[in-house]
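A short worksheet on the structure shown next.
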Amino acid sequence: MWRYNEGEEPPAPFLAVTIHHPESPHQPIQVQAKIDTGADISAIPVSIIGELGLPVTSKLLVEGYDGTASTVSTYGAILQMDQARFRSQEFIAIGEPHALLGRDILNYYYLLLNGPELTFDLRLKPFSE
Amino acid sequence: MKDICMQKFILKEAQEFYQTALSDLFSLGEVVILEKNGQSVAAVVPMAEYDAFQAWRAAEARKQQLEAEEAAIAREHQAFQQMLPALLKQYAGRVVAIHQGEIVAVGDERMEVWQRARQQTNGAPIYVQTVDNPTKVYKMPHRKVVRHVEV
């Protein structure tokens, strides 16, 4: 169980994740990540891409909130978060100090958002177990 | 900009003298220029400045590498777009890896194909793409709301 980040207005669910280079995962960087169920793909801060020297893997068409699509680069990385270390996968870059966890990752989890109490839970197994 | 304290040190005295004088200079955190026959041949800088320089140099190297990779991937992306009609006939729905305009690996999982191609080419920039028509558009409605902005 985690608490929402109350520094955000309105408060938002954040948790710490670790980003590794896909080919030399010995110098990971930890960063706060915001849970974003509206995002099809996860994103990591552009500063981490530079710091870890993450490899460019492709180009994708990404559509923003206003419906405008643009071609952006994707970067290979390994993401580790509570209970799971993901195999290499692709991320796009964002100019924010935090990462975004999109549904490409969240769909592996059971997610319970308790807005009134500003807490959330994220598990690989159903909450009933 | 911070002024840099600098001293010149002529390389002709005895070894022992250097040790004494340098230890004094290092304690002041100054840059020492070493001269030989009137020519500056080296600079001795405080360790903190050297570490900062090394970090800057590593960051510049990473930046240049990333720019080169971005350019290579942009070229491969163009090659992919040109090859797409032919690729759709042979690899529809599959993932292809492209290096220097050529298909170097085919599979079903993007990063698995990327890693396989990367090993084959000794770490060269590799472009992976799913052979789809139309191209998939990823939704990213993220927008940070900036509050308390005075207009």
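Chains as they are written, first to last, in the numbering used here: chain A, 1 to 129; chain B, 1001 to 1151.
Beta carbons: idealized from backbone N, C-alpha and C, even for Gly.
Could you please give me the residues that DSSP links to residue i through a beta bridge?
{"i": "G76 (chain A)", "result": "A:E90"}
{"i": "K1036 (chain B)", "result": "B:Q1039"}
{"i": "H1000 (chain B)", "result": "Nothing in the structure corresponds to residue 1000 (chain B), since chain B is present only between 1001 and 1151."}
{"i": "K1139 (chain B)", "result": "A:E63"}
Quick one: list the residues of chain B neighbouring residue i, beta-carbon separation under 9 Å, in chain order.
{"i": "A39 (chain A)", "result": "Y1138, K1139, M1140, P1141 and H1142"}
{"i": "A16 (chain A)", "result": "In chain order: nothing, as chain B lies at least about 19 Å away."}
{"i": "G64 (chain A)", "result": "K1139, M1140, P1141, H1142 and R1143"}
For residue i, which residues in chain B fall below 8 Å Cβ to Cβ?
{"i": "T57 (chain A)", "result": "I1073, R1110, M1111, W1114, I1126, Y1127 and V1128"}
{"i": "E6 (chain A)", "result": "Correct list: empty, because the minimum Cβ distance to chain B is about 14 Å."}
{"i": "A69 (chain A)", "result": "V1137"}
My assumption, with CB atoms under 8 Å, is that residue i sits in contact with residue j. Please give the rounded CB distance.
{"i": "V1131 (chain B)", "j": "V1096 (chain B)", "result": "6 Å"}
{"i": "E1035 (chain B)", "j": "V1044 (chain B)", "result": "Rounded, the Cβ-Cβ distance is 12 Å, inconsistent with contact."}
{"i": "T119 (chain A)", "j": "R3 (chain A)", "result": "6 Å"}
{"i": "G64 (chain A)", "j": "W1114 (chain B)", "result": "Contact flag wrong, Cβ pair sits at about 26 Å."}
{"i": "M1111 (chain B)", "j": "S88 (chain A)", "result": "4 Å"}
{"i": "V982 (chain B)", "j": "R1118 (chain B)", "result": "Summary: the structure shown does not reach residue 982 (chain B), with chain B confined to residues 1001 through 1151, and so no result is reported for it."}
{"i": "L100 (chain A)", "j": "I19 (chain A)", "result": "That belief does not hold up - the Cβ atoms of L100 (chain A) and I19 (chain A) are roughly 12 Å apart, past 8 Å."}
{"i": "V62 (chain A)", "j": "M1140 (chain B)", "result": "5 Å"}
{"i": "I105 (chain A)", "j": "A43 (chain A)", "result": "Their Cβ separation, rounded to whole angstroms, is 11 Å, which puts I105 (chain A) and A43 (chain A) out of contact at 8 Å."}
{"i": "H1099 (chain B)", "j": "I1126 (chain B)", "result": "6 Å"}
In chain A, which residues lie less than 9 Å from residue i when you measure between Cβ atoms?
{"i": "H1099 (chain B)", "result": "Under the 9 Å cutoff, chain A gives no residues; its nearest Cβ is about 12 Å from H1099 (chain B)."}
Tell me the residue span of the alpha helix (DSSP H) that contains residue i.
{"i": "H1077 (chain B)", "result": "M1047 to Y1091"}
{"i": "D104 (chain A)", "result": "R103 to L106"}
{"i": "R1118 (chain B)", "result": "R1110 to Q1120"}
Closer than 7 Å by beta-carbon distance: list the chain A residues that pair up with residue i, in chain order.
{"i": "R1062 (chain B)", "result": "G50 and G53"}
{"i": "Q1065 (chain B)", "result": "G53"}
{"i": "T1135 (chain B)", "result": "L61"}
Please compile the residues from chain A whose C-beta is within a distance smaller than 8 Å of the C-beta of residue i.
{"i": "Q1039 (chain B)", "result": "The premise fails here: Q1039 (chain B) is roughly 38 Å from chain A at the closest Cβ pair, so nothing lies under 8 Å."}
{"i": "E1049 (chain B)", "result": "The contacting residues do not exist; E1049 (chain B) stays about 21 Å from chain A at best."}
Using a cut-off of 7 Å between C-beta atoms, extract the partners of residue i located in chain B.
{"i": "S73 (chain A)", "result": "E1070 and I1073"}
{"i": "Q89 (chain A)", "result": "M1111"}
{"i": "L100 (chain A)", "result": "H1142"}
{"i": "D36 (chain A)", "result": "H1142"}
{"i": "G76 (chain A)", "result": "M1111 and W1114"}
With respect to the beta strand (DSSP E) encompassing residue i, which residues constitute its N-terminal and C-terminal limits?
{"i": "I44 (chain A)", "result": "A43 to P45"}
{"i": "I35 (chain A)", "result": "I29 to I35"}
{"i": "L112 (chain A)", "result": "Y110 to N114"}
{"i": "T18 (chain A)", "result": "F14 to H20"}
**Report entry** Any 3 or more C-beta pairs closer than 8 Å across the segment 41 to 53 of chain A and the segment 1056 to 1072 of chain B
**Finding:** yes
Query - At least 3 beta-carbon pairs within less than 8 Å: the segment 103 to 120 of chain A vs the segment 24 to 32 of chain A - result: no
Requested in this report: Would you be able to state if there are at least three C-beta pairs under 8 Å between the segment 1078 to 1085 of chain B and the segment 1122 to 1140 of chain B?
Outcome: yes
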